[in-house]
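This is how it looks when you write it as structure tokens:
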């Protein structure tokens, strides 16, 4: 069944307005008609079965029938990624949504090129991936901030898994195995050229930082981001099993 | 330093012919001149420092000086991936090279669309990723084969990590933690529509198969392939640390 994110409240018998792009997708692309079933979620009230209804000749709405799955929270892990080439950044955002990151924060560091970033487009990519992956929320895409600004206001309780390519950090699987599976986390990935030496020591001096290594080969930033999220989920998140 | 894969033998004072695309890259794109240093590897004799030399007005060669790193073998893990959309398959091949897969085998299953596959192009992508990631070999890209043909001739000693999206397999981190870190392995990823029920039971009936789950969300095939390789390397490969 088709699954859509909608911002509105979900109440049986209510009416959910469709964005123009959503209506186009349902009616013109998927060729659904009046009465067709569509699953929706809004990030607050679980997943609902709805039915497509025509409210006027050109206007379509979704009418929620009943909740099909309760709201669940994804693990509290956010991804901090330095600005990288657009196509690779889009891959990272799609994968972060599939891998359950709650938030993607874009980072400006010494060696990033502060190019224009289209946060709306990245949010649309995250939304589509969240719809397809079956999660109950859409990861927030946070407008770019400087690394120094982020570290200055870093919350003491959020642990920071720092993927440090310099090679002297313990392997991620080892470093994470000593950590209790609770509390908020973040994963920090540098730009293609890496963080500068000054940036590396500032990150490592942050009280909650946990430097980790990702194997003996040089990874592109997008590869490192995807792998770090998978390893975190497997060790501390919802891929642990029981 | 620029790093290139060359098929020829590496001997001090020998002469390595350059492919036209390599010469174009070194001379026209990177603007190197006679005497410039280039690192090369051939998958057999480690990494060597070479110097660019002009053999005639239009012909350039590389002259090996000395070995800079010894040959090392990557862990014996191969990736079997069902044919998926071209751009996603190219992402998988690039990442498999970065993540140290020794071989990528393309799989035709019931729900794959047996579209034409350009193995030469995939090999070029794998070669470029191997050059950049610093590994000592280039993963082989194996021409598509049917799943049933692959399973019929499956070697008894190669374990098969089967990423089974049906949801009743133990999580990968649990399943792999019981396995000794030795011997040949393969990772099997299905197409976007998944394997059929008949295919799933045939895979599970293969003596060396280890069905594993990759968390509670639905992953795209390319995401699953990248994550499965990372988890395998972290548990059984060269991301284990010491």
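Residue numbers (the working numbering), protein chains in the order written: chain W, 1 to 242; chain Y, 243 to 484.
Each residue gets a CB set at the ideal place from its N, CA and C atoms; glycine is no exception.
Quick caveat, the model's predicted, so the values are computed rather than measured.
Secondary structure of residue i, DSSP reduced to three states
i: residue 414 of chain Y; result: helix
i: residue 350 of chain Y; result: strand
i: residue 264 of chain Y; result: helix
i: residue 102 of chain W; result: coil
i: residue 456 of chain Y; result: coil
i: residue 252 of chain Y; result: coil
i: residue 122 of chain W; result: helix
i: residue 15 of chain W; result: coil
i: residue 268 of chain W; result: Past the edges of chain W, shown from 1 to 242, lies residue 268 of chain W, and the structure says nothing about it.
i: residue 475 of chain Y; result: helix
i: residue 468 of chain Y; result: helix
i: residue 199 of chain W; result: helix
i: residue 128 of chain W; result: helix
i: residue 377 of chain Y; result: coil
i: residue 44 of chain W; result: coil
i: residue 451 of chain Y; result: strand
i: residue 116 of chain W; result: coil
i: residue 39 of chain W; result: strand
First through last residue of the alpha helix (DSSP H) which encompasses residue i
i: residue 239 of chain W; result: Run containing residue 239 of chain W: none; DSSP gives neither H nor E here.
Cutoff 6 Å; reference residue i; Cβ partners in own chain excluding five residues on either side
i: residue 361 of chain Y; result: 383, 385
i: residue 375 of chain Y; result: 340
i: residue 209 of chain W; result: 160, 162, 203
i: residue 90 of chain W; result: 125
i: residue 183 of chain W; result: none
i: residue 171 of chain W; result: 213
i: residue 231 of chain W; result: 172
i: residue 185 of chain W; result: 77, 159
i: residue 391 of chain Y; result: none
Same chain, Cβ closer than 8 Å to residue i, neighbours up to 5 away in sequence not counted
i: residue 138 of chain W; result: 5, 43, 97, 123, 126, 127, 130
i: residue 15 of chain W; result: 53, 55, 61, 62, 63
i: residue 388 of chain Y; result: 349, 350, 351
i: residue 463 of chain Y; result: 323, 324, 326, 330, 334, 431, 432, 433, 434
i: residue 229 of chain W; result: 77, 79, 95, 96, 99, 100, 101, 187
i: residue 12 of chain W; result: 64, 65, 66
i: residue 393 of chain Y; result: 444, 445, 448
i: residue 399 of chain Y; result: 425, 426, 450
Start-to-end residues for the beta strand (DSSP E) that takes in residue i
i: residue 148 of chain W; result: Segment 147-152 is the alpha helix (DSSP H) holding residue 148 of chain W; no beta strand (DSSP E) there.
i: residue 429 of chain Y; result: 427-431
i: residue 271 of chain Y; result: Run containing residue 271 of chain Y: none; DSSP gives neither H nor E here.
i: residue 219 of chain W; result: Neither: residue 219 of chain W is in no beta strand (DSSP E) and is coded neither H nor E.
i: residue 159 of chain W; result: 159-163
i: residue 245 of chain Y; result: 245-247
Any non-hydrogen atom of the ligand MG closer than 8 Å to residue i Cβ
i: residue 49 of chain W; result: This structure lacks the ligand MG; in fact it carries no ligand of any kind.
Sequence-distant residues of its chain with Cβ nearer than 7 Å to residue i (five each side left out)
i: residue 68 of chain W; result: 39, 47, 48, 49
i: residue 313 of chain Y; result: 286, 287, 288, 378
i: residue 94 of chain W; result: 125, 129
i: residue 41 of chain W; result: 5, 47, 136
i: residue 23 of chain W; result: 60
i: residue 345 of chain Y; result: 320, 381, 382, 384
i: residue 117 of chain W; result: 83, 106, 144
i: residue 74 of chain W; result: 100, 102, 135, 137
- Query: Given 8 Å as the limit, is there contact between the segment 226-239 of chain W and the segment 173-186 of chain W, that is, 3 or more CB pairs closer than that?
  - Reply: yes
- Task: Taking 8 Å as the threshold, find out whether the segment 75-87 of chain W comes into contact with the segment 188-196 of chain W through three or more Cβ pairs.
- Result: yes
- Message: Along the segment 189-221 of chain W, where does the CB come closer than 8 Å to a CB of chain B? Name the residues.
- Response: Structure shown: chain B not included; protein chains present are W and Y.
- Message: In chain order, what are the residue ranges of uninterrupted beta strand (DSSP E) at least 3 long that sit wholly in the segment 54-93 of chain W?
- Response: 60-69, 77-82
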